Amino acid sequence: MAKAKSGKSGKSNTVKRPDPPERSIDARYERRSKAFGRLSAAIADGKYLVPPKFLQGQARRLHVRTTIREDHAARITESSKGARDKFDKLAGCPYKFFRGTALLFYRDMVGEDGHMPTVMALGDVHPANFGVMPDKNGAPIFGVNDFDETTYAPFSWDIKRGAVGFWIAALTEGALKPKQARKIIRKFVRGYATAMQDYANKSTERNDAYRTDNSPKVIRRLFEQAWEERRDWLWDDYLTPNGRAFRSNDELQPLSTEIDKFQKAINDLAKSNGIDAPDRAGELKVKDVCVRHGQGTASLGLPRYYVLIEGPSQDATDDLIIEFKAARRSALDGLVPPNAFYAGEQAERIKHGQRVQLAHGDIFYGAVEIDGKSFMSRERAPFRDDIDLDDLSFKTWKKYARVCGAALAQAHALSDDLGRIDYDVEPSIMEAIAPLDLFVGDIVRFTEEAVARLQRDHAFFREDHKLGAFDSLDVVFR
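Structure, rendered in C-alpha cells:
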C-alpha cells in the first residue's frame with residue numbers, strides 16, 4: 000500500500016495502488032471476452048447500455064482492429080502463412096470480410112433478441128454455407144453445411160446473419176443493385192416463414208430432405224454441376240500415380256509418418272459415433288494422411304488434415320477422404336442472451352449442431368482429440384459443393400434465397416426434435432414473426448444498417464492491413 004496522507008480532518012486517507020495490468024495479451028483478450036458476456040446479460044436484462052455497433056470514427060476503427068486481432072490471436076502469434084493469406088483475402092472483398100469476421104458481426108448484436116424463441120442456430124448463415132453434401136448413406140443432399148459456429152441462440156440471429164450475407168454477396172458477387180438485394184432478402188425471409196409454417200402444420204421436418212429427385216430447379220442444377228465420379232475425383236485431385244498416397248503440391252502436404260496417429264483418430268471417431276463401417280468404407284483402414292492448405296475463409300490458417308481411407312475394392316477407385324479440422328469456440332459464445340440450453344465445447348458442440356440440424360447427415364461428422372486438441376471431422380465427397388454465386392441471374396438469386404430460407408427453417412425446426420429445446424419451436428417462431436410484413440421490414444432495415452456498417456469496417460480493415468496492423472497483437476505495458 001502507498002503511504003497514508005493526512006487530510007484536513009486529521010483522518011488518514013489511504014491511497015490504494017491500481018490493480019496490476021494483465022500480464023499477457025491472452026489475459027487481456029479473455030477479460031474482454033468476459034466483459035462482452037456481462038454486456039450480453041445486462042442488455043438482455045433490459046439495462047440501457049451501448050453496444051459497439053454505435054461506435055463511430057476512430058473508436059469504431061480501434062474496435063474493429065482489436066476484435067480481429069483477438070479473434071486471430073493464435074494464428075498471428077504463430078506468424079502463420081494461413082493468417083496472412085486470410086487477411087489478404089478479407090481485404091480483397093467485403094463479402095469475404097463478412098464471412099471471415101463473424102465475431103465482429105455478433106459483438107454488434109450482443110444481448111439482442113432475448114425475448115425471441117431459442118433454437119439450435121447455425122451461427123454463420125450466408126449463401127455459400129448451403130450446399131450439396133453426403134447424407135448418412137453417402138448420397139447427395141442439399142442443406143445447411145457449415146456448423147463451426149453452431150450454438151443455442153435466438154432464431155432471429157441466423158435470419159439476420161443470413162440476410163446480411165445474401166445482401167453483401169448479391170452486391171459483390173452478383174454485381175446487383177441495392178434495390179435488387181432488398182428483394183432477395185425478402186425472398187429469403189419469406190421462404191423461411193413459409194417453410195416454418197408448413198412444419199408447424201405437418202411436423203415433417205425429420206423426414207424431409209432436398210434430394211436430386213425432389214428439389215427445385217435451381218437446386219437440381221447444383222446437384223448436376225456438383226456430381227463427379229469418385230474415381231475421377233480421387234485421381235484428378237488427390238492421388239499419386241500408384242494410388243497409394245496423397246500427391247504433394249501447394250494444397251496437399253503428405254504426412255505419411257502420421258498414419259498410426261490418424262488411424263487411432265479414425266478408430267476413436269468410429270467408436271464415439273457408433274459407426275459400424277459401411278460397405279463403402281472397407282475396414283476403415285488409413286492409407287495416408289496430408290495437411291490441407293489454403294481452404295476456407297473464416298477457418299483459413301487453422302490446422303486441417305485429410306485422411307485417405309481404403310475403399311472395399313482396394314484399387315484406389317472408391318477410397319474415402321475424411322477431413323479433420325481444428326475446432327474453436329463459437330463466435331456467438333458469450334454474446335447470445337443467456338438461455339438454459341448448452342451445446343457443448345469446441346468440436347463436441349459442432350458435432351451436436353450437425354446432428355440436430357441434419358436429420359440424415361454424414362455419419363463421419365464427429366469430434367475427436369488429436370495431440371490434445373479438439374478437431375471436428377466430416378467426409379469429403381466428389382459432390383460436396385456450393386453454388387457459383389457469380390453465375391446467378393437476379394431471378395435465380397431470388398429463387399436460391401427462398402430455398403435457403405426454407406432449408407434454414409428445417410434446421411431450426413429440428414431443434415425440439417433432435418436438440419435440447421424443450422418446447423414446440425415452430426408455432427413459437429410463427430407467433431414471434433407475426434405480422435410477417437412487419438418482421439420482413441424489420442429484417443430489411445436491420446440489413447441495410449448492418450451492410451453500411453460492414454462496408455465502413457471493411458475500409459478500416461483494408462487501411463489497417465496495409466499498414467501492418469495484423470502482423471502482431473496488441474501489446475500490454477505496465
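Those letters in the sequence shown? Residues 0 to 477, by numbering that gives the first Met the number 0. Note that CB positions come from ideal geometry on N, CA and C, so glycine has one too. In this text the structure is predicted, and so the values were computed from the model without any measurement.
According to DSSP, is threonine 13 part of a helix, a strand, or is it coil?
Counting from one through the sequence shown, the residue named residue 13 turns up at place 14. Its pLDDT being 46, under 50, threonine 13 is placed unreliably by the model, and nothing is read from it.
Grab the span of the alpha helix (DSSP H) containing threonine 239 for me, first residue to last.
By 1-based counting over the sequence shown, the position of residue 239 is 240. Counting along the chain, threonine 239 falls outside any alpha helix (DSSP H), and DSSP gives it neither H nor E.
Determine whether the beta carbon atoms of aspartate 314 and arginine 229 lie at a separation below 7 Å.
Along the sequence shown, one-based indexing puts residue 314 at 315. Along the sequence shown, one-based indexing puts residue 229 at 230. In this structure, aspartate 314 lies away from arginine 229, with their beta-carbon atoms at least 7 Å apart.
Using C-beta distances below 8 Å, list every residue in its chain close to alanine 72, excluding the 5 sequence neighbours before and after it, in chain order.
As a working note, residue 72 is residue 73 in the sequence shown. Closer than 8 Å at Cβ, skipping near neighbours: Ile24, Asp25, Tyr28 and Leu472.
Residues that DSSP places opposite glutamate 29 in a beta bridge
Counting from one through the sequence shown, the residue named residue 29 turns up at place 30. In DSSP, glutamate 29 forms no bridge with anything.
Proximal residues to proline 17 (C-beta, below 8 Å), its chain only, five neighbours per side dropped
Within the sequence shown, the letter at position 18 stands for residue 17. Summary for proline 17: the model assigns pLDDT 43, below 50, so the residue's position carries little reliability; its value from the coordinates is reported in the next sentence. Here proline 17 has no same chain residue with a Cβ atom under 8 Å from its own Cβ, once five neighbours each way along the sequence are excluded.
Arginine 205 to isoleucine 274, Cα distance in whole Å?
By 1-based counting over the sequence shown, the position of residue 205 is 206. By 1-based counting over the sequence shown, the position of residue 274 is 275. Computed Cα separation, rounded: 21 Å.
Which stretch, first to last residue, makes up the beta strand (DSSP E) that contains alanine 449?
Here the question's residue 449 lines up with position 450 in the sequence shown. Element bounds for alanine 449: not the beta strand (DSSP E) but the alpha helix (DSSP H), 435-465.
What is the DSSP secondary structure of leucine 413, reduced to helix, strand or coil?
Locating residue 413 in the sequence shown gives position 414, counting from the first residue. If DSSP states are grouped into helix, strand and coil, leucine 413 belongs with the helices.
Residues sharing a beta bridge with aspartate 384, DSSP:
For the purposes of this step, residue 384 is identified with residue 385 of the sequence shown, where counting begins at 1. Aspartate 384 is bridged to Val131.
Which one or two residues does DSSP pair with phenylalanine 141 in a beta bridge?
Locating residue 141 in the sequence shown gives position 142, where the first residue counts as 1. In the DSSP output, where bridge partners are listed per residue, phenylalanine 141 has Val131 and Tyr209.
For the pair the segment 400-418 and the segment 350-370, tell me if three or more CB-CB distances fall below 8 Å.
Touching, yes.
With the cut-off set at 7 Å, would you say alanine 280 and isoleucine 308 are in Cβ contact?
Counting from 1 along the sequence shown, the entry for residue 280 is found at position 281. Counting from 1 along the sequence shown, the entry for residue 308 is found at position 309. The answer is yes: Cβ separation under 7 Å.
Can you give, in chain order, each stretch of the alpha helix (DSSP H) that sits fully within the segment 81-130 and has at least 4 residues?
Those alpha helix (DSSP H) runs which fall completely within the segment 81-130 and span 4+ residues are 93-99 and 101-106.
Which ranges would you report for the alpha helix (DSSP H) in the segment 244-301 if only whole runs of at least 4 residues count?
The qualifying runs are 258-272.
Among Glu282, Ala138 and His125, which has the Cα closest to the Cα of tyrosine 399?
Here residue 399 corresponds to residue number 400 of the sequence shown, with the count starting at 1. It is His125 whose Cα lies nearest to the Cα of tyrosine 399.
For aspartate 423, tell me which candidate among Ser39, Met195 and Asp70 has the shortest Cα-Cα distance.
For the purposes of this step, residue 423 is identified with residue 424 of the sequence shown, where counting begins at 1. Of Ser39, Met195 and Asp70, the smallest CA-CA separation from aspartate 423 is found for Met195.
Does the segment 149-156 come into contact with the segment 219-235, if we say contact requires no fewer than three beta-carbon pairs (one atom in each stretch) closer than 8 Å?
Cβ pair count under 8 Å is below three, so no.
If you reduce the DSSP assignment to three classes, tell me which class alanine 315 lands in.
The residue you call residue 315 lines up with position 316 of the sequence shown. Coil at alanine 315, not helix or strand.
Are at least three pairs of beta-carbons, each pair with one atom in the segment 371-384 and one in the segment 156-173, less than 8 Å apart?
Taking 8 Å as the limit for Cβ pairs, the verdict is that the segment 156-173 does not touch the segment 371-384.
Local conformation of arginine 181 per DSSP, three classes
Residue numbering aside, residue 181 sits at position 182 when the sequence shown is read from its first letter. Under the three-state reduction of DSSP output, arginine 181 falls in the helix class.
State buried or exposed for leucine 437, treating a residue as buried only when at least 16 other CB atoms are found within 10 Å of its CB.
Numbered from its first residue, the sequence shown carries residue 437 at position 438. Answer is exposed; the Cβ neighbour count stays below 16.
Given a threshold of 16 other Cβ atoms within 10 Å of its Cβ, counted over all protein chains shown, does tyrosine 364 qualify as buried or as exposed?
As a working note, residue 364 is residue 365 in the sequence shown. With a threshold of 16 other beta carbon atoms within 10 Å, tyrosine 364 meets it and is buried.
What residue range is occupied by the uninterrupted beta strand (DSSP E) comprising lysine 216?
Counted from its first residue, the sequence shown places residue 216 at position 217. Looking at the DSSP string, lysine 216 is not in any beta strand (DSSP E); the run it does join, the alpha helix (DSSP H), is 216-225.
From what residue to what residue does the beta strand (DSSP E) around glycine 365 run?
Walking along the sequence shown from the start, residue 365 turns up at place 366. Where glycine 365 is concerned, the enclosing beta strand (DSSP E) stretches over 365-369.
So, for glycine 343: in the same chain, excluding its five sequence neighbours on each side, which residues have a beta-carbon less than 7 Å away from its beta-carbon?
As a working mapping, residue 343 is identified with position 344 in the sequence shown. Counting only residues of its own chain and dropping the five nearest sequence neighbours on each side, glycine 343 has a CB closer than 7 Å to the CB of His351.
Can you confirm whether the segment 79-88 touches the segment 110-126 when touching is taken to mean that 3 or more C-beta pairs between the two stretches lie within less than 8 Å?
Between the segment 110-126 and the segment 79-88 there are fewer than three C-beta pairs closer than 8 Å, too few to call the two in contact.
Tell me the DSSP secondary structure of tyrosine 191 in three-state form.
What you label residue 191 is simply residue 192 of the sequence shown in a count that begins at 1. When secondary structure is reduced to three states using DSSP, tyrosine 191 falls in the helix class.
Where does threonine 149 fall in DSSP's three states?
Looking up residue 149 in the sequence shown gives position 150. In this structure, threonine 149 counts as coil in the three-state DSSP scheme.
Might you give, ordered along the chain, the residues of its own chain that have their beta carbon closer than 6 Å to the beta carbon of glycine 137, omitting 5 neighbours on each side?
Residue mapping note: residue 137 aligns to position 138 of the sequence shown, counting from 1. Cβ-Cβ distances below 6 Å link glycine 137 to Arg279 in the same chain, with the five nearest sequence neighbours on each side left out; the list follows chain order.
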